[in-house]
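Colleague: One line per chain: the protein sequences are G and F, in this order.
Every letter in the first sequence is one number past the one before it in the numbering used here, and letter 2, counting from 1, is 2.
Numbering-wise, the numbering used here comes out as the position in the second sequence, counting from 1, plus 1000.
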Amino acid sequence: MGGYGFYVWGSYGVTLVLLGGEVLMLLKRRRAVARIAPEPKLQTPNGKFETAMVSDKL
Amino acid sequence: MSTRRINWYKYAAPANFYPIAGKMIPFFTVVTVLLFIIGLYVGFFVAPTDFQQGESYRIIFIHVPAAWMGMFLYVLMAVYAGLGWAFNARLGSMMATAISTTGAIFTFISLVTGSLWGRPAWGVYWVWDARMTSTLILMFLYIGFISLQASIDDSRRADRAGAVLALVGLINVPIIYFSVQWWNTLHQGATFTARSFKMAPSMLSAMLILMAACWMYSIAVVLVRVRCIIREREREAPWLAEAVA
């Protein structure tokens, strides 16, 4: 990197750590949510959404 | 001409948005990974060395997209928070909450990578320049929004308080963008505008591909997070309770 390795790799390293950390935290949160509210079954057997069966109200 | 129309209002209901968001996540995840690989390859192996800055200029391939994402996501967060507040649309408020963390992370990345670029380019990590100071204020606005929402137990009250802060803070976005024109700053002007590009095509391509990658990444993580928020907040709601049973 022509003597700029610390700055260039530092920048990409910080980005990797922060974005990777966000993804890991999100996966952890998803597991925590699954314990209090299990994944809802909102799909029909043929894979189409049963959106017609749920409320259209905001 | 087709007479079929999509009823977009339908997807403002968390019950309808939840499954469609789940379907979109794998697509955005795959596109994110592909765009990051292509963008980094072009940025490190195709784009030439800059004749003035040497290799250190490669920092801008991640710095510029991160800075733009910080601003875009703030505007998006404020718009969703405003919609949630004005129309009492709870999905809008949930989206604002979901966007805030990702926006704060991108703003932090832009500040850190900007400092790491500034040291070899200007000789200092930080100066109280208008662009840098206004970006730091953006970071504080994100932290304020997240902290304010976390400090209020009632989620609907937290949404309203957050919306006020987000909308007031919106004034900072044009200040960031035009700061390099309004004040005599150390920070360089716009890298590209609608009329001109101040970069070689391969350099510009790397930056735009990584910009697209950051967008796809943001959409993917925001969708995952908003689905978590929907399940946390709506777990007592009949539609979710019935769907789980």
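Built from N, CA and C at the ideal position, the CB exists for glycine as well.
Fair warning: this is a prediction, and the values are worked out from it, not measured in the lab.
From L1165(F) to F1087(F), what does the alpha carbon distance come to, in whole angstroms?
Modeller: Reading the second sequence from its first residue, position 165 is the one you call residue 1165(F). Reading the second sequence from its first residue, position 87 is the one you call residue 1087(F). Taking the straight line from one Cα to the other gives about 17 angstroms.
Colleague: Helix, strand or coil: which one does DSSP assign to D1159(F)?
Modeller: As a working note, residue 1159(F) is residue 159 in the second sequence. DSSP places D1159(F) in helix when its eight states are reduced to three.
Colleague: Given 8 angstroms as the limit, is there contact between the region 1088-1108 of chain F and the region 1061-1080 of chain F, that is, 3 or more CB pairs closer than that?
Modeller: At 8 angstroms Cβ cutoff, the stretches touch.
Colleague: Can you give me the Cβ contacts of V1173(F) inside the same chain, cut-off strictly under 7 angstroms, excluding the 5 residues immediately before and after it?
Modeller: Residue numbering aside, residue 1173(F) sits at position 173 when the second sequence is read from its first letter. Here the set comprises M1071, Y1074 and V1075.
Colleague: Expressed to the nearest angstrom, what Euclidean distance is found between the alpha-carbon atoms of G47(G) and G3(G)?
Modeller: Taking the first sequence and counting its residues from 1, one reaches residue 47(G) at position 47. Taking the first sequence and counting its residues from 1, one reaches residue 3(G) at position 3. Unreliable positioning characterises G47(G) in this predicted model, as indicated by a pLDDT of 49, which lies under 50. The coordinate reading is nonetheless provided below. G47(G) and G3(G): Cα-Cα distance of roughly 55 angstroms.
Colleague: Since K28(G) is in the alpha helix (DSSP H), which residue starts that stretch and which ends it?
Modeller: For this step, residue 28(G) is matched to residue 28 along the first sequence. Looking at the DSSP string, the run of the alpha helix (DSSP H) that includes K28(G) is G5 to I36.
Colleague: Taking I1038(F) as the reference, which of Y1057(F), V1222(F), A1212(F) and A1130(F) has the closest Cα?
Modeller: Within the second sequence, the letter at position 38 stands for residue 1038(F). Checked all of Y1057(F), V1222(F), A1212(F) and A1130(F); the closest Cα to I1038(F) is A1212(F).
Colleague: Per the DSSP calculation, D1050(F) is bridged to which residue(s)?
Modeller: Your numbering for residue 1050(F) matches position 50 in the second sequence. Answer is G1054(F), bridged to D1050(F).
Colleague: Can you confirm whether G20(G), when its beta carbon is compared against all beta carbons of chain F, has any partner nearer than 8 angstroms?
Modeller: On the first sequence, residue 20(G) is found 20 positions in, with the first residue counted as 1. False, the Cβ-Cβ gap to chain F never drops below 8 angstroms.
Colleague: Starting from K1023(F), trace the alpha helix (DSSP H) in both directions and tell me its first and last residue.
Modeller: Taking the second sequence and counting its residues from 1, one reaches residue 1023(F) at position 23. Counting along the chain, the alpha helix (DSSP H) containing K1023(F) begins and ends at P1014 to Y1041.
Colleague: Skipping 5 residues on each side, what residues in its chain have a beta carbon closer than 7 angstroms to that of K1010(F)?
Modeller: In the second sequence, the residue the question calls residue 1010(F) occupies position 10. Excluding sequence neighbours, K1010(F) sits near N1016.
Colleague: Would you call the region 1220-1234 of chain F and the region 1091-1098 of chain F touching, i.e. three or more CB-CB distances under 8 angstroms?
Modeller: Yes, the region 1220-1234 of chain F is in contact with the region 1091-1098 of chain F.
Colleague: Could you check where the alpha helix (DSSP H) with F1044(F) kicks off and where it finishes?
Modeller: Position 44 of the second sequence, counting from 1, holds the residue named residue 1044(F). No alpha helix (DSSP H) contains F1044(F), which DSSP labels as neither H nor E.
Colleague: Along the region 1115-1131 of chain F, where does the CB come closer than 8 angstroms to a CB of chain G? Name the residues.
Modeller: Per Cβ criterion, the list reads L1116, W1117, R1119 and P1120.
Colleague: Suppose you measure from the CA of L1136(F) to the CA of A1243(F); what does that come to, to the nearest Å?
Modeller: For the purposes of this step, residue 1136(F) is taken as residue 136 along the second sequence, with counting starting at 1. For the purposes of this step, residue 1243(F) is taken as residue 243 along the second sequence, with counting starting at 1. C-alpha separation (whole angstroms): 44 angstroms.
Colleague: Determine, for L1083(F), whether the minimum Cβ-Cβ distance to residues of chain G falls below 8 angstroms.
Modeller: Numbered from 1 along the second sequence, position 83 holds the residue referred to as residue 1083(F). No, its Cβ sits nowhere closer than 8 angstroms to a Cβ of chain G.
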